[in-house]
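Worksheet for the structure shown next.
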Amino acid sequence: MGSGTTTPNGPSRRGSIERERKNEKMPTKLRIYCIVEGEATSFPVRIFPDCSVGELKQAIKAAKKPELDHVAADKLTLWRAVNPKRDRDDKVDFDGTVDKTELDDEMALLSELDELTSRRTYVIVKPPPPAPRSPKRNLEDTEDGGLEEHLAKRCRSLKRYIAADGKPVVLPLHILDLIENNKYAPEPRAEFQSLLTVKAGDRITSMDLGQSPKFFARGYQGREFFVTEQMMDQWNRFENDSVASVKKCLSGPMGVGKSYISWFLAAKAYAHGWPVLYIADASKLNNCDTKTAAAKLICQLFLSINKDILTASELKEMVADETSEYPYGNSASCILSTLLQLKSQKTLFVVDEHGALFPEEGKSAPARFPVLWPLKTFNCWNNSNNARAVFASTANFERCILTDAPEYVEYVGPMSPDIFNKLLDVIINKVHPTARQHLNELRCEIQRATGCVPRELNNFFDKDRGDIELTANGIKQRLKGYEKDRKNQFFETLKSYYGKVEPIFKTDVRRALADVFLQNKDHAGATLGWRFYDIGIIYQYKNAERDLILQQPITPASEAALLDLYRLCPLPNDYINAIRKGTLSPDQFSDAIFQKLIKEKNIKFNTTNLAGKEGHVLELRVDGFEHLQDPPKRFEDEGKNILINGGELPRFDFILGYTFIQVSISDFQKHNEGSANIDLAFTDRRYSEGRNQIEYFLDYTYGGTHRAVMETTKLTKKTQGKNAGEEKSETRYKRDFKVTRDGVLCPDFKILYIRRKNDLDDKGNEVHRPPNDIGKVQEYPQIRHVCWDEVKKSLFGDLL
């Protein structure tokens, strides 16, 4: 497609784009978004504000060539509508749109200026009903051989065309038809100039690339959105030179913004003058009935967005192998294999809604139409180090179809808090001033409840900011109702999906759910079925430090729904057998005990000290669950019955109020070594403001200023030496734990050690007895111990 440099025949069109942007002075016009009745995609019309509605009709007719060529402009009727109703296929339902106003021909646009330029307003274009076709015309169609014969004739007919570099090229008429067709024509590249210098956090208005992503410009955002860090990271990778082509598969649940990333990348490449093929909705390809229709759509989309930069030599190469037997086919193949994989310039291929190409039932689109094979595998994009390809796809494609997926997958999750707060500012500033004040006060709660996910923010506002409550209590009730409703919706969806899982795989689902909540090295690798990842309940992310792919519920409501499903999952038979034999693996044990803790809610353990003495009953009451965050989440005293999963936190597996819990296969003496040593929880003051691990957690979680100290007392024990009359002295230290809050002693602080295995005798038989570590009980008299027999009786007695 040319190098963008001066050639012997003069400067190329692509090379002069930057100069034209600087010199071109754009007139001040309105941008009005129009949509034809029965269509799904809007298109912009630019017109001066002092024009009449009749002149707007003329502009609309010109913008929709050739679709409206058969209609006189004055026969069109225009209706102003705010967020017109759409059917299941996202097409405008004119009759179902109640709030619409007809525009009079003689009316000046100035009288409608505020409404027409609103981000949520469209002009619905209603053509007159088509005139009935005459029998004679139908007969002529038959005599002419119908559409196929007509297309074959145009394939054989040639016409001279002046390309973007000013040189002539002879093209088949059916290709020239596509070049002259404005159905998918984007706005001029100059309109995208502002994208050249954007950075993360900037607020931009989307321009028309000739297509719009599914559900684009719907809801509170309209056509405006914020550039995210991930958008810029991806673009920087694409813009930088590379030794090989760059291919990415965007993976994430619906609602996190994969379509916005796709549009942004395509728009940036278009603004920079790259050859681009942008497919906003791959279902259009999947819905094609024939290979010719699929190839034609590829050609149409490519020519529409690139015709201003395509040179004569490139067009000539594209049509070199065109045949009437397979119109468009060889041209589409050339586009995908050659023109989008140039040696001289970077190119970009973006496919949004990519998963639509691979339906659950029936053949995939690439299987039906071989020309689409490059949409199935990234192996087809290795011809040039300048090629860039992006598939915004599904977990089904990532897990079941894509080869070498880990190399290509880019996980997309919620917005960063900084960008989300900017988005929230925009919404809050549009509501009543009284509500605005209360929303600002509840900003952190809204961010927590919606998980920094734009779709969830839309669900919270229920798509109508005008109905937002004006009192703080009213907004709190809305937030509470939103979380309750979303949890119920998520849970019903999860139950439906879980019910479809074959029994043999339900244990895998259970293990994957445990991985979601426990998130430690023992729970790595278990995955849910792909359906669970595409429904907007859970997302994945890569933890670079641990080199693990972790899973995270997308909102607290989705986490609650997942937790309810996890509670319903029965304990597998291999777990039960391992409990009987005392052979639970570390991941099985943490899974089983965690489920019991959150399922039973009130559990009583008969605890002892490390020597099996001083027994008393310890009751654990669990009312909820949370992951440990950094910094820890604030609960105040009302959250003391929320079970906190310590994850990879050194020394503690779970925390419940002021009870810090360790679980281990070993006895305490063996376990209390290295990073698991209890002493370090008190003596290691690496946390902020010189706090130790316990102080840091308690201050953040329950408030106040805590002081956690370990007071040591020297103990000397004299023993008989080897020789008569010889004495030896053995020195140990008694450790007493003391925790205060604002100077007041916290009597409920305790450390609980739960063991998941009994000792074995010399013959390998399990020994059923309480702990008897006389030495360690002198060092740690306050640690409470739960032996394996007590765990089995209290937690799993009903199963055994």
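Numbering follows this note's numbering, in which position 166 of the sequence shown is assigned residue number 741; successive positions increment by one, without gaps. All C-beta atoms, glycine included, are put in the ideal place defined by N, C-alpha and C. Source: prediction; values computed, not measured.
By the CB criterion at 9 Å, residue 811 and residue 850 fall outside the cutoff. Ranked by how close their Cα comes to the Cα of residue 664, the residues 655, 832, 862 and 1069 have 862 in first place. Beta-bridge annotation (DSSP): residue 1128 is paired with 1113.
Here the alpha carbon of residue 1159 sits roughly 27 Å from the alpha carbon of residue 1118. Of 816, 899, 1178 and 767, the smallest CA-CA separation from residue 840 is found for 767. With at least 16 other beta carbons inside 10 angstroms of its own, residue 1025 counts as buried. For residue 1314, same chain residues with a beta-carbon under 6 Å away, outside a window of 5 residues either side, are 1283, 1321 and 1324 in chain order.
In terms of Cα proximity to residue 1272, the closest of 1225, 740, 1063 and 982 is 1225. Cβ-Cβ separation between residue 949 and residue 911: approximately 5 Å, consistent with a contact (criterion under 8 Å). Three or more Cβ pairs closer than 8 Å define a contact, and the segment 1078–1086 falls short of that threshold against the segment 1046–1055.
Inside the segment 743–769, DSSP marks whole alpha helix (DSSP H) runs of 4 or more residues at positions 748–755, from first to last along the chain. Take residue 654, set aside five residues on each side of it, and the residues of its chain with a beta-carbon closer than 6 Å to its own are 675, 677 and 699, in chain order. Boundaries around residue 909 are those of the alpha helix (DSSP H), 904–909, since no beta strand (DSSP E) includes it. If you ignore the 5 residues before and after residue 968, its C-beta comes within less than 6 Å of the C-beta of 824, 929 and 930, all in its own chain and listed in chain order. Taken atom to atom, the span from the alpha-carbon of residue 816 to that of residue 957 is near 15 Å. Residue 1173 places its beta carbon 9 Å or farther from that of residue 1201. Taking a 10 Å sphere around the C-beta of residue 1287, we find fewer than 16 other C-beta atoms and assign the residue as exposed. Judged by DSSP in its simplified three-state form, residue 619 adopts strand. Rounded to whole angstroms, residue 746 and residue 884 show a C-alpha spacing of 16 Å. In this structure residue 1254 does not touch residue 1238 by the C-beta definition: roughly 19 Å separates them, more than the 8 Å allowed.
Contact annotation: the segment 781–790 touches the segment 819–838, with at least three C-beta pairs closer than 8 Å.
Counting other Cβ atoms within 10 Å of its Cβ, residue 764 reaches 16 or more and is therefore classed as buried.
Boundaries of the beta strand (DSSP E) around residue 1360: 1359–1361.
Going by DSSP, residue 735 is part of the beta strand (DSSP E) stretching over 733–737. Taking the Cα positions, residue 1032 is about 47 Å away from residue 1365. Of the other Cβ atoms in all chains shown, 16 or more fall within 10 Å of the Cβ of residue 1104; this residue is therefore buried. Apart from the 5 residues on each side of it in sequence, residue 1081 sits with its Cβ closer than 8 Å to the Cβ of 1073 and 1144 in its chain, given in chain order. Shown here for residue 1276: same chain residues with a beta carbon closer than 6 Å to its own, the five before and five after excluded, namely 1207 and 1210 in chain order. Annotation note: the segment 641–694 contains the following uninterrupted beta strand (DSSP E) runs of length 3 or greater, listed N- to C-terminal: 652–657 and 675–677. Counting only residues of its own chain and dropping the five nearest sequence neighbours on each side, residue 1374 has a CB closer than 6 Å to the CB of 1151. About 6 Å separates the beta carbon of residue 854 from that of residue 876, a gap short enough to meet the 8 Å contact definition. Around residue 1215, the same chain offers 1231, 1232, 1233 and 1277 as residues with beta carbons nearer than 8 Å, after the five sequence neighbours per side are excluded. At a cut-off of 3 residues, the continuous stretches assigned as beta strand (DSSP E) that sit fully inside the segment 871–929 are 922–926. Assignment of residue 1058 by DSSP, reduced to helix, strand and coil, places it in the helix class. Straight-line spacing of the CA atoms in residue 615 and residue 607 works out to 16 Å. Cβ contact annotation for residue 754 (same chain, cutoff 6 Å, sequence separation greater than five): 878 and 882, in chain order.
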